[in-house]
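As structure tokens, the structure follows; a few thoughts come after it.
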Amino acid sequence: MNYITVKQFYNDNKKKLDLKIVTGEEFLSKKKIIISDINRPGLALAGFFDYFPFERIQIFGKTEFTYLKKIGKEKSQKVLNKLFSYNICCVIISRSLKPPFNFEMIAKKNKIPVIISSVFTTKLISSIMIYLERKLAPKITIHGTFIDVYGIGVLLIGRSGIGKSEITLELIKRGHRLISDDIIEIRKMSDDVLEGFGLDVVQHHMEIRGVGIIDVKNLFGVGAVRGSQKVELIVHLEEWEKSKNYERLGMEEQYEEMLGVKVPKIILPVKPGRNMSVIIEVAAMTQRLKSQGYNPARELNKTVLKWMRKDGKDAMVE
Numbered sequence: 352m353n354y355i356t357v358k359q360f361y362n363d364n365k366k367k368l369d370l371k372i373v374t375g376e377e378f379l380s381k382k383k384i385i386i387s388d389i390n391r392p393g394l395a396l397a398g399f400f401d402y403f404p405f406e407r408i409q410i411f412g413k414t415e416f417t418y419l420k421k422i423g424k425e426k427s428q429k430v431l432n433k434l435f436s437y438n439i440c441c442v443i444i445s446r447s448l449k450p451p452f453n454f455e456m457i458a459k460k461n462k463i464p465v466i467i468s469s470v471f472t473t474k475l476i477s478s479i480m481i482y483l484e485r486k487l488a489p490k491i492t493i494h495g496t497f498i499d500v501y502g503i504g505v506l507l508i509g510r511s512g513i514g515k516s517e518i519t520l521e522l523i524k525r526g527h528r529l530i531s532d533d534i535i536e537i538r539k540m541s542d543d544v545l546e547g548f549g550l551d552v553v554q555h556h557m558e559i560r561g562v563g564i565i566d567v568k569n570l571f572g573v574g575a576v577r578g579s580q581k582v583e584l585i586v587h588l589e590e591w592e593k594s595k596n597y598e599r600l601g602m603e604e605q606y607e608e609m610l611g612v613k614v615p616k617i618i619l620p621v622k623p624g625r626n627m628s629v630i631i632e633v634a635a636m637t638q639r640l641k642s643q644g645y646n647p648a649r650e651l652n653k654t655v656l657k658w659m660r661k662d663g664k665d666a667m668v669e
């Protein structure tokens with residue numbers, strides 16, 4: 352099961368969401384966030400606990416605190432004692448609101464971290480969900496090189512030494528953007544969308560045999576890199592085999608399945624004299640056309656068949 356600790360969540364979002372720990376700092380590393388959904392415990396505060404998604408982050412905003420003040424101190428403390436008796440990962444208060452009626456004390460007694468943010472409730476929930484969906488998405492790590500070519504996320508794979516990094520370097524010089532070299536983390540963002548990331552420690556660095564490690568961001572500028580991209584095309588590089596029949600028309604499409612998602616795939620044979628960077632550019636542009644519903648090979652096939660039928664009719668007339 353994928354999870355992150357509340358401490359990691361806090362550290363990653365401290366500046367962006369202006370987070371401050373109210374109480375329970377000692378519990379941050381022990382509490383786990385296992386789901387990207389968020390809950391506002393309005394029904395629970397009203398006493399309805401038949402369905403209470405306690406495993407989610409609980410958001411308290413102006414609505415929740417206004418209700419607690421309306422029902423008074425005694426009833427508020429009673430319902431908060433019951434609510435915080437559940438194994439809640441953490442509570443986040445929006446708009447820098449001051450919690451009423453021993454809120455912090457009851458949370459601390461139940462070992463529940465309370466965090467406060469200056470961000471308004473709706474924006475806070477949206478930001479947290481986007482962050483958690485990325486962090487908790489199913490993921491795999493693969494060896495290869497991932498680059499943005501004309502806005503298409505191209506994943507280069509193949510045996511070590513086949514030339515992935517050298518081809519990528521040429522693509523970067525031609526104006527395309529590196530996401531990651533060598534280690535790529537693929538996350539399933541939805542039922543049919545995969546997104547590729549680099550590991551923070553080594554992202555935007557490349558190993559070039561004979562040269563060593565290069566820093567692409569500092570060498571070519573910030574315009575030569577990006578943090579992530581959808582995985583839209585897999586290019587498998589392999590050594591040219593004379594006896595093997597490679598795709599020449601593009602009529603039959605190949606796919607590779609990752610995390611249950613089928614990704615278009617092509618096999619490119621590598622041999623001296625072939626300009627692999629230009630070929631990959633063309634492959635990326637062709638994939639963009641296909642994603643828009645236009646397949647050049649199939650359209651040409653239709654045109655040729657139409658011409659043959661017309662030519663055959665003309666021959667019969669003659």
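Per this note's numbering, residue 352 is the first one in the sequence shown, and the count goes up by one each step. From the three backbone atoms N, C-alpha and C, an ideal C-beta is built for every residue, glycine too.
Taking the Cβ atom as the reference point for each residue, do residue i and residue j lie within a distance shorter than 8 Å?
| i | j | result |
| --- | --- | --- |
| leucine 610 | isoleucine 535 | no |
| lysine 420 | proline 464 | no |
| asparagine 390 | glutamine 409 | yes |
| isoleucine 321 | valine 621 | With the chain running from 352 to 669 in the structure shown, residue 321 is simply not present. |
| lysine 539 | proline 489 | yes |
| leucine 434 | alanine 397 | no |
| lysine 581 | glycine 504 | yes |
| glycine 375 | lysine 459 | yes |
| isoleucine 498 | leucine 529 | yes |
| leucine 619 | leucine 640 | no |
| leucine 522 | lysine 515 | no |
| tyrosine 361 | isoleucine 385 | no |
Return the bridge partner residues of residue i from the DSSP annotation.
| i | result |
| --- | --- |
| lysine 616 | Ile585, Gln605 |
| serine 541 | Val544 |
| glutamine 643 | Bridge partners of glutamine 643: none, in fact. |
| lysine 670 | Here the chain comprises residues numbered 352 to 669, so residue 670 is not present and cannot be evaluated. |
| methionine 557 | Ile565 |
| threonine 356 | Lys383 |
| valine 500 | Ile503 |
| serine 468 | Leu370 |
| isoleucine 443 | Ile410, Ile466 |
| arginine 311 | Limits of the chain in this structure are 352 at one end and 669 at the other, which puts residue 311 out of reach. |
| valine 621 | Glu590 |
Does residue i come out as helix, strand or coil in the three-state DSSP assignment?
| i | result |
| --- | --- |
| valine 373 | strand |
| leucine 448 | coil |
| isoleucine 463 | coil |
| serine 427 | helix |
| lysine 515 | helix |
| asparagine 390 | strand |
| aspartate 533 | strand |
| aspartate 363 | helix |
| leucine 507 | strand |
| valine 562 | coil |
| phenylalanine 704 | Only positions 352 to 669 of the chain appear in the structure, and residue 704 is not among them; the question remains open. |
| valine 576 | strand |
| lysine 593 | coil |
| arginine 660 | helix |
| arginine 649 | helix |
| arginine 485 | helix |
Given residue i, which residues of its chain have a CB within under 6 Å of its CB, disregarding the five upstream and five downstream residues?
| i | result |
| --- | --- |
| glutamine 554 | Ser531 |
| methionine 672 | Because the chain spans 352 through 669 in this model, residue 672 falls outside it and cannot be assessed. |
| methionine 667 | Its pLDDT being 47, under 50, methionine 667 is placed unreliably by the model, and the measurement read from it follows with that caveat. Closer than 6 Å at the Cβ level, and outside the excluded window around methionine 667, lies no residue. |
For residue i, collect the residues of the same chain with a Cβ closer than 7 Å to its Cβ; drop the 5 residues on either side in sequence, then sort them by chain order.
| i | result |
| --- | --- |
| phenylalanine 471 | Ser445, Arg446 |
| isoleucine 479 | Ile389, Ile408 |
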